[in-house]
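Asker: In the working numbering, the protein residues as written are 13 to 400.
Positions of the beta carbon are idealized from the N, C-alpha and C atoms, including for glycine.
Dropping a structure here in structure tokens format, bear with me for questions.
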């Protein structure tokens, strides 16, 4: 059989913990604890269940309510969460992308409690980092050459599942990084790099050209469906986070046989990072039980239960590497040695309002392929939202 190459950009999908505002009021409640997330797909659900098993073993008297809302990148869950938070009905702990998504939406608006004491009380403050058989393409030029070979042989070169558009924005951020490099990529978010720069224009032109090589049904399928296209041989490559690795593992697909990995073309030596996190909302019903949940999440046992099956790497620096597969160990090495930059598509680089606007622009770019219009709109959005 042909060896098909999946290209998941090396993401650190870590469970991390946000330090935020002050004070809490504990109300009398049943001995229960509700967590809220969007982890329902293969690999994600198994990872979450592994942590839940530890929590329930340590707290057998607590009735844990696992509230999930399906939808990649939390597209559906975020709307439900916002309604609950603003309506005074917060879950005891909820999944959220660390960075602007968490800070701007929930910390600045005074919805969250500080939780550094959990790490301090457990002596963990020093356990987290401070700071077709073809050669897999390493550059954008090589990508287009390889894509043409696959296309001429009747194989979709690049699978894309962008229902909800975030997967296209995910792809675009990698293409931008390939053209700009890390310093100018970071400059896009503080205004020091122009969205009308030659590097960004090059990236947008490359992105538009890539649309020639994606599956025609991309807007109708999910990111996991796109990963499955690679596993089934319908497509050759897929640019995705390491949850794709978790999906392949949940299906029992052998590494180096059904799927393989390299950095997204042009990004080698750089690591686009996002971090899923849980925190402690204010005025929740079950403070003590939520604290126990966060303690499990931050523990070595919890990290090493979740991440190996999720496909991700631990936030802690003392994880048991023997529990992680070859892909994950390589990702850990890369995280320690690469230049780390924040993900746009997953809430780390830009505010939610800015990301929403960029997603709208990407939606039009994918369909119209009008680079000049995209540059104009992206520049206008940056003038409004960039943190200078």
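Starting from the N-terminal side, write out each stretch of the beta strand (DSSP E) that is 3 residues or longer and does not extend beyond the segment 266-319.
Answerer: Complete beta strand (DSSP E) runs here, min 3: 282-285, 287-290.
Asker: Have a look at 92, 98, 124 and flag the residue whose alpha-carbon is nearest the alpha-carbon of residue 105.
Answerer: Locating residue 105 in the chain shown gives position 93, where the first residue counts as 1. Residue 105 has its Cα closest to that of 124, out of 92, 98, 124.
Asker: Measure the C-alpha to C-alpha separation of residue 390 and residue 301 and round it to an integer number of angstroms.
Answerer: In the chain shown, the residue the question calls residue 390 occupies position 378. In the chain shown, the residue the question calls residue 301 occupies position 289. About 44 Å.
Asker: Assuming contact is defined by CB atoms lying nearer than 8 Å, are residue 376 and residue 393 in contact in what I supplied?
Answerer: Taking the chain shown and counting its residues from 1, one reaches residue 376 at position 364. Taking the chain shown and counting its residues from 1, one reaches residue 393 at position 381. The answer is no: Cβ separation not under 8 Å.
Asker: Do the CB positions of residue 175 and residue 232 come within less than 8 Å of each other?
Answerer: Here residue 175 refers to the residue found at position 163 when the chain shown is read from its first residue. Here residue 232 refers to the residue found at position 220 when the chain shown is read from its first residue. Their beta carbons are under 8 Å apart, which means residue 175 touches residue 232 by this criterion.
Asker: Buried or exposed: residue 210, going by 16 or more other Cβ atoms within 10 Å of its Cβ?
Answerer: Along the chain shown, read from residue 1 onward, the residue named residue 210 stands at position 198. Exposed, by the Cβ-count rule.
Asker: To which residues of the same chain is residue 270 closer than 6 Å at the C-beta, ignoring the five residues directly before and after it?
Answerer: By one-based count along the chain shown, residue 270 stands at place 258. Closer than 6 Å at Cβ, skipping near neighbours: 243.
Asker: What's the gap between the Cα of residue 62 and the Cα of residue 318?
Answerer: Within the chain shown, residue 62 is the residue found at index 50, counting from 1. Within the chain shown, residue 318 is the residue found at index 306, counting from 1. One C-alpha to the other measures close to 6 Å.
Asker: For residue 210, name the three-state secondary structure that DSSP assigns.
Answerer: Here residue 210 is taken as the residue at index 198 of the chain shown, counted from 1. Here residue 210 sits in helix by DSSP.
Asker: Between residue 343 and residue 325, how many whole angstroms is the CB-CB distance? I'm expecting something under 8 Å.
Answerer: Residue numbering aside, residue 343 sits at position 331 when the chain shown is read from its first letter. Residue numbering aside, residue 325 sits at position 313 when the chain shown is read from its first letter. That belief holds up - the Cβ atoms of residue 343 and residue 325 are roughly 5 Å apart, short of 8 Å.
Asker: Could you compute how far the alpha carbon of residue 259 sits from the alpha carbon of residue 169?
Answerer: Here residue 259 corresponds to residue number 247 of the chain shown, with the count starting at 1. Here residue 169 corresponds to residue number 157 of the chain shown, with the count starting at 1. Using only the alpha carbons, I get a separation of about 20 Å.
Asker: Within 10 angstroms of its Cβ, does residue 151 collect 16 or more other Cβ (buried), or is it exposed?
Answerer: The sequence position of residue 151 within the chain shown is 139, counting from 1. Classification of residue 151: exposed, given that the 10 Å Cβ count is below 16.
Asker: Check whether the segment 49-63 and the segment 80-95 are in contact - that is, three or more C-beta pairs closer than 8 Å.
Answerer: At 8 Å Cβ cutoff, the stretches touch.
Asker: In this structure, how does DSSP classify residue 125 when only helix, strand and coil are distinguished?
Answerer: The sequence position of residue 125 within the chain shown is 113, counting from 1. Reduced to three states, the DSSP call for residue 125 is strand.
Asker: What residues in its chain sit with their C-beta under 6 Å from that of residue 75, if we drop five residues either side in the sequence?
Answerer: Numbered from 1 along the chain shown, position 63 holds the residue referred to as residue 75. The residues are 44.
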